[in-house]
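Following: one structure in structure tokens, then a few remarks.
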Amino acid sequence: MNDYVFILGRDIELSIAEVISYLNSRGIDYKIGYHKSKVLVLTLPNLNFNSLINHLGGTVKIGEILSYNEYINKSLDQIAFGFQKNKLLFSLSVYNNSQLADKVNAYFKKKFREEKIKFISKISINTDSPSALNRKDYDILDIIVFSNYVARTIAISKPKFYKELEKRPENDFLKTTSIRLSKILINLSGAKENQTILDPFCGVGCILQVAILMNMNVIGIDVDRKSVYQSNKNLEWTKKIFNINKNFKILNGDSRHINKLLLRNSFDVVVTEPFLGPYIKKTLSKQEALKICKQLESTYSKFFKSLKIIIKDNSYIVFLLPKFRTKEREIIGIDMANIINGDYEIAQISELVKVPIIFFGINKKIIREIYILKNIIKHS
11 MNDYVFILGR DIELSIAEVI SYLNSRGIDY KIGYHKSKVL VLTLPNLNFN
61 SLINHLGGTV KIGEILSYNE YINKSLDQIA FGFQKNKLLF SLSVYNNSQL
111 ADKVNAYFKK KFREEKIKFI SKISINTDSP SALNRKDYDI LDIIVFSNYV
161 ARTIAISKPK FYKELEKRPE NDFLKTTSIR LSKILINLSG AKENQTILDP
211 FCGVGCILQV AILMNMNVIG IDVDRKSVYQ SNKNLEWTKK IFNINKNFKI
261 LNGDSRHINK LLLRNSFDVV VTEPFLGPYI KKTLSKQEAL KICKQLESTY
311 SKFFKSLKII IKDNSYIVFL LPKFRTKERE IIGIDMANII NGDYEIAQIS
361 ELVKVPIIFF GINKKIIREI YILKNIIKHS
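Numbered per the working numbering, the sequence shown spans residues 11 to 390.
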């Protein structure tokens, strides 16, 4: 077991919940250490960290901790340089006002000159630019400094991958969940490779696309025929472009009566960003927000009632609810307790995170609450 630092994305609580859910679902032993702002330290066994970060949507990079302040020179001397190219990009990423930054920077520059290594350096303070660490014409040494810790980056996210997937043939911004958020939602559900994910409000199939790329089978349902066509086309494209051999099924139907569309136990988890109401151009009045919430609550309640008939015991559901900012400067939302009616419980991931998790996204008029629910077994 060693200590590793996870540099988290902009939605810190959401990113923490994702990492912990991922580890829990796979039975990976861990211990939470230092945590401040976007820095999270975990004690972990030796894992394939490049594979891990490719599965995570909310982690920018992962570093292996090399030293604490009092051991800095001894530990850093143990780094094997072994650079193959004649150019080195030395990146120093500093978080949480660490006092070590100058010391570490001076140490490495002195070392490079002693070894006659040509280098360019880049210092970032409380910001991340993982794309800079993907430059193929340079050897890369990225050092993370925070509090009294020094770490070496061993895995980075690949934002270019997101851009490739966004080239899907069918898009509708009103029915699109971002790739990054899709990954996070899937991981919050605890879904594992070769399991089946159900998205009962699938839109153009964004969550389903990401799920098959994560080696999962998928089922999508949408009441809109055009969305069903778009999802099918996008998933066929994804399988072809990324050479994936996973199963998918897209159904046209009303998920308020989902028990009539699917057999019991035909999926493992539910992950969905449902219809959150009509597109909002202007801030709603309180009366308008209450009307939308009442309509959505009716749809969601019927869905959860019919889902109860076919869902597996102890299965997880990741579900988003909207809250609306109003002209009266109130926030109007939906009470999840009224929707689930005692059939499901709200799962808590960690003391560091409270469910529901708030997600703002781009549209500031709508706040999204991310719920992680667990199906309760009711004994007669």
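Heads up, the beta-carbon is just placed ideally off N, CA and C, and yes, glycines get one too.
Looking at the DSSP output, H45 bridges to L50. Judged by DSSP in its simplified three-state form, Y14 adopts strand. By the neighbour-count criterion, in which 16 or more other beta carbons inside 10 Å mark a residue as buried, Q240 falls on the buried side. Just measuring C-alpha positions, the residue of I302, I386, I356 sitting nearest D323 is I386. Fully enclosed alpha helix (DSSP H) runs of no fewer than 4 residues are not present anywhere in the stretch 220 to 245. In this structure I217 does not touch K259 by the C-beta definition: roughly 14 Å separates them, more than the 8 Å allowed. DSSP links P332 through a beta bridge to R378.
By the neighbour-count criterion, in which 16 or more other beta carbons inside 10 Å mark a residue as buried, G68 falls on the buried side.
Contact between L52 and Y105 fails: their C-beta atoms lie close to 16 Å from each other, not under 8 Å.
Contact check for E355 and N197: beta-carbon distance about 20 Å, past the 8 Å limit, so the pair fails to qualify. With a 10 Å radius around the Cβ and a threshold of 16 neighbouring Cβ atoms, I72 comes out buried.
Following the DSSP letters along the chain, one finds R123 in no beta strand (DSSP E) but inside the alpha helix (DSSP H) bounded by residues 111 to 124.
Counting along the chain, the unbroken alpha helix (DSSP H) around A27 starts and ends at 22 to 35.
In this structure S35 is in contact with K202, their Cβ atoms being roughly 6 Å apart against a cut-off of 8 Å.
Check the Cα spacing between N257 and each of S167, F100, N204, T163: the tightest is with N204. Annotation for E298: the continuous alpha helix (DSSP H) segment containing it runs 296 to 320.
Taken through DSSP and simplified to helix, strand or coil, Y354 comes out as strand. Between F59 and A161, the CB-CB gap reaches or exceeds 7 Å. Membership of F59 in any beta strand (DSSP E) is not indicated; the residue belongs instead to the alpha helix (DSSP H) covering 59 to 65. The C-beta distance from L245 to L261 rounds to 13 Å, too long to fall under 8 Å, and the pair is not in contact. By the Cβ neighbour-count rule, E124 is exposed, with fewer than 16 other Cβ atoms within 10 Å of its own. Counting the other CB atoms within 10 Å of its CB gives K170 a total below 16, which places it among the exposed residues. Its chain contains F211 as the residues whose beta carbon lies nearer than 6 Å to that of P284, once the 5 sequence neighbours on both sides are disregarded; these appear in chain order. Look at F183 here: in three-state DSSP terms it is helix. G200 is a Cβ neighbour of S31, given a cutoff of 7 Å. In this structure, the beta-carbon distance from R266 to F313 falls below 7 Å. With respect to the C-alpha of L54, the residue from L110, Y326, G43, L331 having the closest C-alpha is G43.
Taking 7 Å as the cut-off, the beta carbon of I254 is found no closer than this to the beta carbon of E23. The straight-line gap separating the alpha-carbon atoms of I290 and V281 is approximately 24 Å. For the pair V238 and L110, the Cα-to-Cα distance works out to about 54 Å.
DSSP, reduced to helix, strand and coil, places I217 within a helical segment of the structure shown. Counting of Cβ neighbours within 10 angstroms places S77 among the buried residues, the total reaching 16 or more. Close CB contacts of E74 within its chain, under the 7 Å cut and outside five residues either way in sequence, are with N12, Y14, A161, R162, I164 (chain order). Around G352, the same chain offers I386 as residues with beta carbons nearer than 8 Å, after the five sequence neighbours per side are excluded.
Within a 10 Å sphere around the beta-carbon of L273 sit fewer than 16 other beta-carbons, which makes this residue exposed.
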